[in-house]
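Undergrad: Chains as they are written, first to last, in our numbering: chain A, 1 to 335; chain B, 336 to 670; chain C, 671 to 1081; chain D, 1082 to 1492. Take this structure first; my questions come after.
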Amino acid sequence: MTMIEAIRDALDVALAQDPEVTVFGQDVGFFGGVFRCTAGLQKKHGETRCFDTPISELGIVGAAIGMASYGLKPVVEIQFADYMYPAYDQIVSEAARLRFRSAGEFTCPMVIRMPTGGGIFGAQTHSQSPEALFTHVAGLKTVVPSNPHDAKGLLLAAIADPDPVIFLEPKRIYNGPFDGHHNRPVTAWRSHPLGEVPEGPYTLPLGQAVIRREGAALTVLAYGTMVHVALAAVQEGGIDAEVIDLRTLLPLDLETITTSVRKTRRCVVLHEATLTSGFGAELAALVQAECFWHLEAPVERVTGWDTPYPHTNEWDYFPGPARVAAACHRVLEVK
Amino acid sequence: MTMIEAIRDALDVALAQDPEVTVFGQDVGFFGGVFRCTAGLQKKHGETRCFDTPISELGIVGAAIGMASYGLKPVVEIQFADYMYPAYDQIVSEAARLRFRSAGEFTCPMVIRMPTGGGIFGAQTHSQSPEALFTHVAGLKTVVPSNPHDAKGLLLAAIADPDPVIFLEPKRIYNGPFDGHHNRPVTAWRSHPLGEVPEGPYTLPLGQAVIRREGAALTVLAYGTMVHVALAAVQEGGIDAEVIDLRTLLPLDLETITTSVRKTRRCVVLHEATLTSGFGAELAALVQAECFWHLEAPVERVTGWDTPYPHTNEWDYFPGPARVAAACHRVLEVK
Amino acid sequence: MTHTALSLRFAAPDVRPGAAPDFSQFQVPVAGEMPRPAIDATPETLRDLAFGMIRVLDDTGQAVGPWADMPDLTDDMRREGLRHMLKLRAYDARMLLAQRQQKPSFYMQHLGEEAVSCAFQRALRPGDMNFPTYRQAGLLIASGYPVKTMMCQVYGNDGDPVRGRQLPVFYSSKEHGFFSISGNLGTQYIQAVGWAMGSAIAGDDKIAAAWIGDGSTAESDFHAAMVFASTYRAPVVLNIVNNQWAISTFQGLARGGAGSFAARGHGFGIPALRVDGNDYLAVLAVARWATERARANLGPTLIEHVTYRAAGHSTSDDPSAYRPSDEDACWPLGDPVLRLKQHLIARGAWSAERHIQAEAEVMAEIAAAQRKAEAIGTLHSGRRPSPAEMFDDVYAEMPPHLRRQRQQAGF
Amino acid sequence: MTHTALSLRFAAPDVRPGAAPDFSQFQVPVAGEMPRPAIDATPETLRDLAFGMIRVLDDTGQAVGPWADMPDLTDDMRREGLRHMLKLRAYDARMLLAQRQQKPSFYMQHLGEEAVSCAFQRALRPGDMNFPTYRQAGLLIASGYPVKTMMCQVYGNDGDPVRGRQLPVFYSSKEHGFFSISGNLGTQYIQAVGWAMGSAIAGDDKIAAAWIGDGSTAESDFHAAMVFASTYRAPVVLNIVNNQWAISTFQGLARGGAGSFAARGHGFGIPALRVDGNDYLAVLAVARWATERARANLGPTLIEHVTYRAAGHSTSDDPSAYRPSDEDACWPLGDPVLRLKQHLIARGAWSAERHIQAEAEVMAEIAAAQRKAEAIGTLHSGRRPSPAEMFDDVYAEMPPHLRRQRQQAGF
Ligand SMILES: Cc1ncc(C[n+]2csc(CCOP(=O)(O)OP(=O)(O)O)c2C)c(N)n1
Ligand SMILES: Cc1ncc(C[n+]2csc(CCOP(=O)(O)OP(=O)(O)O)c2C)c(N)n1
Ligand SMILES: [Mg+2]
Ligand SMILES: [Mg+2]
């Protein structure tokens, strides 16, 4: 199953098992979404459960907040993460704080799905990874799956969660695991073990990372597309790295991270978003604080550059396997 | 001179010396701003230069971008930083990227002023410090003055800058330096050396930190109100700390920071914003990377808690001198 | 080719401090003149209602015209309305005083606008939901919410249901159909539409009421609400309280070139009414019409309540800096309390004596509640919510990082 | 108390794939019928213009009615208009083909909408500024911007003035009055107003033109633009291109219960016109009227251009999934190129032969430009901007952290 199919499957399961779930967004209803994540759902579940909205991210999220506070569970789509900014006020000032400011009287159980990341020649408005803009906000949870299996389980967990969850979908791996080698033939989820997606409902708990590859020489922290880049980089570079797929950025599975780094004593942090104040900063800050006595080298970050995402030169922007491997080698060489 | 007067003075100088400067925002024109930062400017410079706007942060910033691209230099006020979110899309997607995406053909020289921080019993909607939401965005500069003297010089530099500058004004120190001892009598800028503000135009370069107190035992990185809290904490705690006032968060004066930390070998980072993905994360990440071999203790962060800013218990939220001193002692005790 | 040097228009109120108040430009329509169309009339035929003004009480206190036609409205109900307004006014007066004594950090009054929220509430049913601004406490008062609890919120003491987390007057009561106030202007307008959509999707019969100030209609959320309400025909009443001022800026700034705020509805095919907001009966009549429309699945109605903010914006504001200090006394639509009082007297259902007595009773009730609230605490003294609670309700379940921080904070 | 189970309205287009196209609900007003008021007429008297449709070319190609009255419009100018549209269409065709060959990553056509941008541009003067969407390349073509340079932008090659930084078709040309396209829908609508405000504040005589699609009017920026344009009476023309579709959603979704998009102007006192967007002369006439108003300091005008997006939304879209595949052929307002061609022939200023010849000339011109552009490079071959340039123009001066990163990147 592709990640798109897994997401659709999760939405289908949720719509079927919980009459409170609604699914809406731009082109989400009749058409089934520009990435087809909701294809067929309106036909199957009816248009009160899955419908099109006007092009207003503010309206989509604002209406979803009201609907959630009424008692439904909206799962909305922002067509690209790059277009979430008009809804940012509603997310930060409203969804995230409603439970707190009403002391639990009103709550906001909702999921905001959005495709993130580059690698599709989408340039500055179809490539961004704004996760750090969510992790800074108390009251939000932020999830980034790296494969179809997790996408379904995490999305169902997000829908079941009593609080607002930001669900970031790395669009470059919608149709196949992408290791950053943009010049090689595309591979399909079909041939990947995590492309196997169980039927029916299951959830993966929010806040649990998973070790994708055990290793002894250093720890690589990654999420989304970068998990695959990390695996390729350490594999090709013959690096004995432990690769951790964070899956949930907030709440963060700090224990899995610190256990690993205390073992390997070295750490590289990856993301596609710009460096400064990216989520990697938080990870580096936490790792140096928690593993100070174990660290044998500074935590290094490999990220997108501090520029907007370019079009033609997107592969020079993308933190591909070569940059990741080089960083790992640098960190390993520190004596 | 108070910080309010210093800011007003800077705006007055800018309006007088540069016919392209315009000043606008909610209640900014006839009334002179809810904090009085623009009082008298409309009367003196006319209403085409300083005027009231409808209550639309999106409109204020969006119009300013258009005006800047036309060739003027708008200096706009967002009444409280907590209300900048409706303008966030215009700031991030538009102001920050216009130069880049047009390869320099269109530019956006503008300043967005906004009062930040707590300590005035303003609760969740009048207390926020959103600096990390700006430092993550390529194309923006972010400035936080800690006193009237700097406020004027930095604001004039921000206005002269050819790019969009976010100018954060810690409202708790508008009328006097505040060291976090909320139960003690308020002091006035009048009796503070940095309350002395030169007449006429002068600028302080963006991107230069300043050492507010020399010390040998550890380095405290702070900005805005927290500079005063830091000074009080180390003074009262008898801590031989070097206190650095960052003044500009982006571009960051990394050299002053690393020189200090390499000397003191210990570092505490302060801010009022929530911890996770706050600007302190970036500072900690940079310091551990740049000063790894010098550090004798993990970099510690003292910040607001990861909750919305509460009202009644605001002093339990605010990272006051006791918490700062305790952190310094902890860091000093690391052997 | 002609070349004119361009210029902008900078709208300003007719008078500024120092000059005499002047409402000569403000036309007061004759009471009873506006027609009362059927609730299923097409938006096109309702057009004039957005430019005129629905008024029921005339200068002599008579209820006149088609909108006065509320046969079920007993004298008791009318007296109750008066009492609600008196109570809100007394509550405001006490809290204003308390703020001067620094018992709460801040306060916001309703002086002159009491009819809007007090009357509107009477058209709602239990289960309906308001998304109010900070200037609709009358919705709580008229629904019987305990004043003592309101005061505890204002003081942020240990009796505050929202645990000292919010600015004073940012109440919340699900039971009383009063959604937690945000503080960010406008945001809740679209949420009200979303709540109403939720009710309709669930096949429920509850409706929502959205509230916004004249100045705040400039915010983006207003537009989103209009678009969504129009597109899905949501069961929501969209209220604009035009109290002439948005802190220091007059309503003409946000209104721009339009004849009224109600006119905004026309671009969306949303029926729009303009009502005398200082006329308790007119507000009630209009609220009933609009809520009936919503309940009958006829969709949203936009209502502009024309009133006047007689006091400062908040306790942080001194309006004499931007408008003549006696402007409130000259407001042509009068005082909502006096007008309903006059009506009741004209009906023979009230007297000057009973009024004085009622004022005294209400004040005693408020004072008693205040004593009880203060026995718990005020901002700076007495029992306040434990700081440990600061870490609660950020999430339903406290995540590890917050548990850690709570420990660090010493709890 | 009656209790009705509430429900929402889910608007849908009249037909869906599989069914026959049906525009029977779409009323085509008779050409020449709408009055042409003076530019300083009050908004109230212009009300009908937002619901009717200004049309100049009738079914026989005659220019009729008061809006046809453009005595200075020579045959040369009319022929030039035709040529611009032919050129845009030929350019689109070539770039579409090139995209199929993966020479650019992406492309967006104007098929069926050529008149809107090509005609509007002719009402502007040098120095005026458009804030366009991705579907107004006619503004560049009609202003004589080199097609080769446009292609270089589409290919993101080394000839691209914006250095491969933007998605194809996101052109930028200050000189040609074409503001850098954002990609975030709607954002530039308010910027156009701000630009116009800047011009007016400077006492300049330049005006701005804002552009937005039917679907994008739902965005918040649209509202901000209306508010600011109305409040300050800014010299700006606010264009809505209603091409019936917003990717897969039909215009009725964003329009909601309103009769037209133009009607949105009424809530702001902004005069609003609705024009046949496939009628080159009507668009030109309306554009002249609105730009004259702006230049005469009479403030903003809202124009709804009614047209049809005959092709897919972009090369990533297949419209047959959501509308009948032959719907474009049935669009009642016809094809803008054919209609202007018919008009010129009816005037005796054109012929079928000259048209074929012009098409060939235009295509040759475009093909020649394409060869030149491709000689520089396409997305995946030839010369592209150096990756080192990625670090330029983030700021006017490169700050230390970016210099460091550029070094790390190997430059
Ligand atoms: C998003 C946002 N911007 C600005 C403010 C600051 N502010 C608080 S009240 C107010 C004026 C609102 O005026 P109006 O909408 O007319 O309501 P009124 O106070 O008259 O009831 C302003 C500007 C805010 N709370 N939120
Ligand atoms: C803020 C934002 N939201 C969503 C999108 C994705 N998107 C691109 S084009 C489009 C449809 C726009 O339709 P319309 O405004 O009618 O313009 P048209 O394409 O018909 O010219 C959408 C939803 C975007 N680019 N920006
Ligand atoms: Mg008001
Ligand atoms: Mg469209």
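We put the CB at the ideal spot given by N, CA and C, even for glycine.
With a threshold of 8 Å between beta-carbons, can Ala1306 of chain D be considered close to chain C, or not?
TA: It does not: the Cβ of Ala1306 of chain D has no partner Cβ on chain C nearer than 8 Å.
Undergrad: Counting contacts by CB-CB distance shorter than 8 Å, is His1071 of chain C in contact with chain A?
TA: By this cut-off, His1071 of chain C is an interface position.
Undergrad: Round the Cβ separation of Leu1221 of chain D and Met1231 of chain D to the nearest angstrom and send it over; I've been treating them as touching at under 8 Å.
TA: With 8 Å as the limit, Leu1221 of chain D and Met1231 of chain D qualify as a contact, their Cβ atoms being about 6 Å apart.
Undergrad: Can you check whether the C-beta of Gly550 of chain B is within less than 8 Å of a C-beta belonging to chain C?
TA: Chain C, which has no Cβ nearer than 8 Å to the Cβ of Gly550 of chain B, makes this no.
Undergrad: Asn800 of chain C: beta carbon under 7 Å from a heavy atom of ligand 3?
TA: No, since every heavy atom of ligand 3 falls outside the 7 Å radius drawn around the Cβ of Asn800 of chain C.
Undergrad: Please check the pair Ser102 of chain A and Ser677 of chain C, which I expect to be a contact at CB under 8 Å, by giving their CB distance rounded to whole angstroms.
TA: Wrong, their Cβ atoms sit about 48 Å apart, outside the cutoff.
Undergrad: Apart from the five residues on each side of it in sequence, which residues of its chain come closer than 7 Å, Cβ to Cβ, to Ile159 of chain A?
TA: Closer than 7 Å at the Cβ level, and outside the excluded window around Ile159 of chain A, lie Ala14, Val21, Lys73, Val75, Val111.
Undergrad: Please list the terminal residues of the continuous alpha helix (DSSP H) segment that includes Lys44 of chain A.
TA: Unbroken alpha helix (DSSP H) run through Lys44 of chain A: 41-45.
Undergrad: So which residues put a beta carbon under 7 Å from any heavy atom of ligand 3, going in chain order?
TA: Cβ-based neighbours of ligand 3 within the cut-off: C:Gly883, C:Asp884, C:Gly885, C:Val911, C:Asn912, C:Asn913, C:Gln914, C:Trp915, C:Ala916, C:Gln921, C:Arg979.
Undergrad: Please classify His1436 of chain D: does DSSP put it in a helix, a strand, or coil?
TA: If DSSP states are grouped into helix, strand and coil, His1436 of chain D belongs with the helices.
Undergrad: Please list the residues of the region 918-929 of chain C that have a C-beta atom closer than 7 Å to any C-beta atom in chain B, keeping them in chain order.
TA: Listed by position along the chain: Ser918, Thr919, Leu923, Ala924.
Undergrad: Can you tell me where the alpha helix (DSSP H) holding Ala132 of chain A begins and where it ends?
TA: It spans 131-135 - the alpha helix (DSSP H) in which Ala132 of chain A sits, taken as one unbroken run.
Undergrad: With distances taken between CB atoms, is the gap from Thr442 of chain B to Arg434 of chain B smaller than 8 Å?
TA: For Thr442 of chain B and Arg434 of chain B, yes; Cβs fall inside 8 Å.
Undergrad: To the nearest angstrom, report how far apart Ala68 of chain A and His629 of chain B are at their CA atoms.
TA: When rounded, the distance between both Cα atoms is 51 Å.
Undergrad: To the nearest angstrom, how far is the alpha carbon of Gly176 of chain A from that of Met1 of chain A?
TA: One C-alpha to the other measures close to 9 Å.
Undergrad: Should Ile390 of chain B be listed as close to ligand 1, given that the test is whether its C-beta is under 7 Å from any heavy atom?
TA: Yes, the Cβ of Ile390 of chain B comes within 7 Å of a heavy atom of ligand 1.
Undergrad: Rounding to the nearest angstrom, what Cα-Cα distance links Val369 of chain B and Tyr652 of chain B in this structure?
TA: Taking the straight line joining both Cα atoms gives about 25 Å.
Undergrad: Could you tell me the distance, in whole angstroms, from the CA atom of Thr1085 of chain D to the CA atom of Gln823 of chain C?
TA: One C-alpha to the other measures close to 36 Å.
Undergrad: Can you check whether the CB of Ile1384 of chain D is closer than 8 Å to the CB of Leu1354 of chain D?
TA: Cβ distance < 8 Å, so Leu1354 of chain D and Ile1384 of chain D count as in contact.
Undergrad: Could you tell me which chain A residues have their CB closer than 8 Å to the CB of Arg835 of chain C, listed as they occur along the chain?
TA: Ordered by position in chain A, the residues that pass the 8 Å Cβ test against Arg835 of chain C are Phe100, Arg101, Ala103.
Undergrad: Would you kindly work out how many angstroms separate the C-alpha atoms of Arg1420 of chain D and Asn1323 of chain D, rounded to a whole number?
TA: Roughly 19 Å separates the two Cα atoms.
Undergrad: When you check each C-beta in the region 844-859 of chain C against every C-beta of chain D, which residues fall closer than 7 Å?
TA: Listed by position along the chain: nothing, the set is empty.
Undergrad: If contact means a Cβ-Cβ distance below 7 Å, which residues of the region 8-28 of chain A contact chain C?
TA: Under the 7 Å Cβ criterion, the region 8-28 of chain A contributes Thr22.
Undergrad: With a cut-off of 8 Å on the beta carbons, I'd call Gly1146 of chain D and Ala1200 of chain D a contact; round off their distance for me.
TA: Wrong, their Cβ atoms sit about 16 Å apart, outside the cutoff.
Undergrad: State buried or exposed for Lys379 of chain B, treating a residue as buried only when at least 16 other CB atoms are found within 10 Å of its CB.
TA: Exposed: under 16 other Cβ atoms inside 10 Å.
Undergrad: Please list the segments of the alpha helix (DSSP H) lying wholly inside the region 1229-1272 of chain D, counting only runs of 4 or more residues, in order along the chain.
TA: Taking only runs of at least 4 residues, no alpha helix (DSSP H) segment lies wholly in the region 1229-1272 of chain D.
Undergrad: Expressed to the nearest angstrom, what Euclidean distance is found between the alpha-carbon atoms of Ala289 of chain A and Ala1277 of chain D?
TA: For Ala289 of chain A and Ala1277 of chain D, the distance between alpha carbons rounds to 52 Å.
Undergrad: According to DSSP, is Gly1463 of chain D helix, strand or coil?
TA: DSSP places Gly1463 of chain D in strand when its eight states are reduced to three.
Undergrad: In this structure, how does DSSP classify Phe938 of chain C when only helix, strand and coil are distinguished?
TA: Phe938 of chain C: helix per DSSP, three-state reduction.
Undergrad: Apart from the five residues just before and just after Met1134 of chain D, which ones in its own chain have a Cβ nearer than 6 Å to its Cβ?
TA: If we look at Met1134 of chain D and ignore the five residues flanking it on each side, its Cβ neighbours are Pro1110, Arg1355, Asp1357.
Undergrad: Shorter than 7 Å, the distance from the beta carbon of Arg1216 of chain D to the closest heavy atom of ligand 2, or not?
TA: Yes, ligand 2 has a heavy atom inside 7 Å of this Cβ.
Undergrad: What is the DSSP secondary structure of Glu378 of chain A, reduced to helix, strand or coil?
TA: In the structure displayed, chain A extends from 1 to 335; residue 378 of chain A sits before or after that span and is not available.
Undergrad: What does DSSP give as the partner residues of Leu1138 of chain D in its beta bridges?
TA: Partner(s): D:Ala1144.
Undergrad: Quick one: grab the DSSP three-state call for Leu566 of chain B.
TA: Leu566 of chain B: helix per DSSP, three-state reduction.
Undergrad: Comparing the CB of Pro421 of chain B with every heavy atom of ligand 1, is any distance shorter than 7 Å?
TA: Yes, the beta carbon of Pro421 of chain B sits closer than 7 Å to at least one heavy atom of ligand 1.
Undergrad: With a threshold of 16 other CB atoms inside 10 Å of the CB of Gln1325 of chain D, please say whether the residue is buried or exposed.
TA: Classification of Gln1325 of chain D: buried, given that the 10 Å Cβ count is 16 or more.
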